[in-house]
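Under UniProt numbering, the sequence shown has 203 at position 203, and the numbering climbs by one with no breaks.
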Amino acid sequence: MPKNSKVTQREHSNEHVTESVADLLALEEPVDYKQSILNVAGEAGGKQKAADEELEAEDRPAWNSKLQYILAQIGFSVGLGNIWRFPYLCQKNGGGAYLVPYLVLLVIIGIPLFFLELAVGQRIRRGSIGVWHYVCPRLGGIGFSSCIVCLFVGLYYNVIIGWSIFYFFKSFQYPLPWSECPVIRNGTVAVVEAECEKSSATTYFWYREALDISNSISESGGLNWKMTLCLLVAWSIVGMAVVKGIQSSGKVMYFSSLFPYVVLACFLVRGLLLRGAVDGILHMFTPKLDKMLDPQVWREAATQVFFALGLGFGGVIAFSSYNKQDNNCHFDAALVSFINFFTSVLATLVVFAVLGFKANIMNEKCVVENAEKILGYLHTNVLSRDLIPPHVNFSHLTAKDYTEMYKVIRAVKEDRFASLGLDPCLLEDELDKSVQGTGLAFIAFTEAMTHFPASPFWSVMFFLMLINLGLGSMIGTMAGITTPIIDTFKVPKEMFTVGCCVFAFFVGLLFVQRSGNYFVTMFDDYSATLPLTVIVILENIAVAWIYGTKKFMQELTEMLGFRPYRFYFYMWKFVSPLCMAVLTTASVIQLGVTPPGYSAWIKEEAAERYLYFPNWAMALLITLIVVATLPIPVVFVLRHFHLLSDGSNTLSVSYKKGRMMKDISNLEENDETRFILSKVPSEAPSPMPTHRSYLGPGSTSPLETSGNPNGRYGSS
Numbered sequence: 001m002p003k004n005s006k007v008t009q010r011e012h013s014n015e016h017v018t019e020s021v022a023d024l025l026a027l028e029e030p031v032d033y034k035q036s037i038l039n040v041a042g043e044a045g046g047k048q049k050a051a052d053e054e055l056e057a058e059d060r061p062a063w064n065s066k067l068q069y070i071l072a073q074i075g076f077s078v079g080l081g082n083i084w085r086f087p088y089l090c091q092k093n094g095g096g097a098y099l100v101p102y103l104v105l106l107v108i109i110g111i112p113l114f115f116l117e118l119a120v121g122q123r124i125r126r127g128s129i130g131v132w133h134y135v136c137p138r139l140g141g142i143g144f145s146s147c148i149v150c151l152f153v154g155l156y157y158n159v160i161i162g163w164s165i166f167y168f169f170k171s172f173q174y175p176l177p178w179s180e181c182p183v184i185r186n187g188t189v190a191v192v193e194a195e196c197e198k199s200s201a202t203t204y205f206w207y208r209e210a211l212d213i214s215n216s217i218s219e220s221g222g223l224n225w226k227m228t229l230c231l232l233v234a235w236s237i238v239g240m241a242v243v244k245g246i247q248s249s250g251k252v253m254y255f256s257s258l259f260p261y262v263v264l265a266c267f268l269v270r271g272l273l274l275r276g277a278v279d280g281i282l283h284m285f286t287p288k289l290d291k292m293l294d295p296q297v298w299r300e301a302a303t304q305v306f307f308a309l310g311l312g313f314g315g316v317i318a319f320s321s322y323n324k325q326d327n328n329c330h331f332d333a334a335l336v337s338f339i340n341f342f343t344s345v346l347a348t349l350v351v352f353a354v355l356g357f358k359a360n361i362m363n364e365k366c367v368v369e370n371a372e373k374i375l376g377y378l379h380t381n382v383l384s385r386d387l388i389p390p391h392v393n394f395s396h397l398t399a400k401d402y403t404e405m406y407k408v409i410r411a412v413k414e415d416r417f418a419s420l421g422l423d424p425c426l427l428e429d430e431l432d433k434s435v436q437g438t439g440l441a442f443i444a445f446t447e448a449m450t451h452f453p454a455s456p457f458w459s460v461m462f463f464l465m466l467i468n469l470g471l472g473s474m475i476g477t478m479a480g481i482t483t484p485i486i487d488t489f490k491v492p493k494e495m496f497t498v499g500c501c502v503f504a505f506f507v508g509l510l511f512v513q514r515s516g517n518y519f520v521t522m523f524d525d526y527s528a529t530l531p532l533t534v535i536v537i538l539e540n541i542a543v544a545w546i547y548g549t550k551k552f553m554q555e556l557t558e559m560l561g562f563r564p565y566r567f568y569f570y571m572w573k574f575v576s577p578l579c580m581a582v583l584t585t586a587s588v589i590q591l592g593v594t595p596p597g598y599s600a601w602i603k604e605e606a607a608e609r610y611l612y613f614p615n616w617a618m619a620l621l622i623t624l625i626v627v628a629t630l631p632i633p634v635v636f637v638l639r640h641f642h643l644l645s646d647g648s649n650t651l652s653v654s655y656k657k658g659r660m661m662k663d664i665s666n667l668e669e670n671d672e673t674r675f676i677l678s679k680v681p682s683e684a685p686s687p688m689p690t691h692r693s694y695l696g697p698g699s700t701s702p703l704e705t706s707g708n709p710n711g712r713y714g715s716s
């Protein structure tokens, strides 16, 4: 480098220097500074960051291996919803018929948007705040909204992990504590607990022993100390897993992501050997075609796609931002989406096999109880013995014999049949009973496991699986909070992560009150769904219509070394935004037509009752939705009126003597221009590259004539 070079002269100065690009190049070889990576407001670099931030991106932590990254994405996307929400939606929405809208929406919305989030995270190498600030500064509030939604979800999601921890430790005893109703002794008299006798042992244990639930959301009832302790354990586990970032969470993923599949495989084999398992699986795959045309089914399928893949949370972007720029994120999107769908189907097979076994047990119990009623009526001459078919043997009464006897009695005693109180005891009725969400895992499934041989072993395995599924999702959720904040505000990673966990624990005490389960319902069903839909549709619009689908496709071509299928171009540009707009409209209409509510457990009735949220709870719910979406319009207004800088209104480059100058001083004389042009061979790819024109689907990219298949993002 010439000794009279202005850059060299500044190397030996401690003075802070800020010079325009034109001044820097005044004494150097004539170059087109508009093409320089240091230009932050020129034609190609309008959104370029300073060179010191680029160098900082080179030091960004990276995954130890591709396997570790894939397991992290699987751990985040495959969660508790795959185990209980997907099977419940299948059971509720027509069995196999539900798979049709789910698959359609997965292909036209899920996979394209999942690929989009993977691509922008890997391309820009920042968390959600930095990514959307770069793509469209006026929509930079999307990243902040994603962080808030992650916080809302993490608050109640870890409470569910706490419930699983409680059941896990309770499983180390035989018989299982929820297998029988408790007996109250008053002297020599032993009486079964009335609340348990009216419901069931597993239902009673869940609502009374575990949650000690109040009758409504308005009755706080104070803290449940058992669940408070479990919540503390849950946040301690999560904190230890994420405190070092991907260096610690990546190692946890090897176990937390793979162990659930081992348990699911064991449960599938065990479930298929149970009596009645085939009945449950056939019931699941028997489609009710009328459900396929129900708009509500399509809306629920789309919501499940969002939650299943983790769209809009920021966790997908955070994980992909630690990738190398030449990583094939297109393959990752297809692989993770397929594994997610496969896991949902596998879990549904397990659930329906076990529920088929449970349905047969409950059906046999129903037959025995009603046969005793019929015998009583025969002894009191309420019914004539002529009504009983001659081949019926009450000592070995089958469900088929009871059904035949039931039909005869109903036909003969048509006028007085209702007064007899006989039940039809149909297996289909038991299989049609939908158990939603937590009830499927903590009531229906636990009841079925009480009938397993070696039931404590299966219970321990089941709840350990739930803990690991929840942990994997929580790691991704925490990454959606910590990564963008640390990237943007440069706060200490360990201190901020620990502070988040402590803060979330204390706020989470809201969910371990006796009324806490009702707040979980509020957060799970309402507070996150609508903001998440808004976030995802704005992400799509920001890339496809503001940043430009053609430009984005061109940059993907540079990054991947091949042009993605034109299918994505049309999905991002037209189909996905239209579908999500319809979904958002349907969600708003649904909230207006059907007032939000929750299923309350009434102790005196020992039954659930659907209640609407009171006015104060509705105000809280609306506040949560507003808070989650408020950063989007606030940032838009601030940047539209130039009250908040978007970082692209200057032509100058600021640097200090130090790392950047050290790199310059090591350059040879003929390398100086190459440095200014950001073409040092050993330099890592910039997170904000020069844009090139893209002619759209079917056109030939200028890069296809280049010798390097990956353009400037090739792996060397």
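Note that the Cβ used here is the ideal one computed from N, Cα and C, for glycine as well. Here the structure is a predicted model, which means the values were calculated and not measured.
The three-state secondary structure of Gln513, taken from DSSP, is strand. In summary, Ala619 is exposed, with fewer than 16 beta-carbon neighbours lying within 10 Å of its beta-carbon over all protein chains present. In summary, Phe319 is buried, with 16 or more beta-carbon neighbours lying within 10 Å of its beta-carbon over all protein chains present.
Here Glu608 is bridged, per DSSP, to Trp601. Secondary structure at Val392: coil, using DSSP grouped into helix, strand and coil. The alpha-carbon separation between Val233 and Tyr157 amounts to approximately 14 Å. The stretch 399-414 and the stretch 65-81 do not touch, with fewer than 3 CB-CB distances between them shorter than 8 Å. Counting along the chain, the unbroken alpha helix (DSSP H) around Asn615 starts and ends at 615-629.
Ranked by how close their Cα comes to the Cα of Thr629, the residues His133, Val104, Phe114, Ile148 have Ile148 in first place.
If you look at Ile213, you'll find it isn't in any beta strand (DSSP E); DSSP assigns it neither H nor E.
Under the 10 Å beta carbon count, Tyr322 is surrounded by 16 or more other beta carbons and is classified as buried.
Judged by DSSP in its simplified three-state form, Leu273 adopts coil rather than helix or strand. Rounded to the nearest whole angstrom, the CA to CA distance from Lys365 to Phe341 is 36 Å.
Judged by DSSP secondary structure, Ile184 falls within the beta strand (DSSP E) whose first and last residues are 183-186.
One thing to note: Pro484 has its Cβ within 9 Å of the Cβ of Ile129.
Per DSSP, the beta bridge partners of Leu223 are Gln513.
Annotated as proximal: Tyr526 and Leu591, with beta-carbon spacing under 9 Å.
Contact check between the stretch 98-116 and the stretch 454-468: fewer than three CB pairs, one atom from each, fall below 8 Å, which does not count as touching.
About 7 Å separates the beta carbon of Met284 from that of Gly96, a gap short enough to meet the 8 Å contact definition.
If you check the CB distance, Leu268 and Leu155 do not come in under 9 Å.
Contact annotation: Met478 and Phe462 have beta-carbon atoms that are not nearer than 9 Å. Taking a cut-off of 8 Å on C-beta distances, the stretch 490-501 does not touch the stretch 216-226, as fewer than three cross pairs fall below it. Just so you know, the alpha carbons of Gly250 and Thr585 end up roughly 39 Å apart. By the neighbour-count criterion, in which 16 or more other beta carbons inside 10 Å mark a residue as buried, Ser146 falls on the buried side.
The three-state reading of DSSP puts Val191 in strand, counting E and B together. By alpha-carbon distance to Gly476, the top candidate from Ser179, Arg123, Ser256, Gly141 is Ser256. Across the set Tyr547, Glu209, Phe152, the C-alpha of Glu209 shows the shortest separation from the C-alpha of Phe166. In the DSSP annotation of this structure, Asn82 is not part of any alpha helix (DSSP H), being labelled neither H nor E.
The continuous stretches of alpha helix (DSSP H) do not include Leu422, and DSSP gives it neither H nor E.
Counting along the chain, Glu494 sits inside the alpha helix (DSSP H) bounded by residues 493-507.
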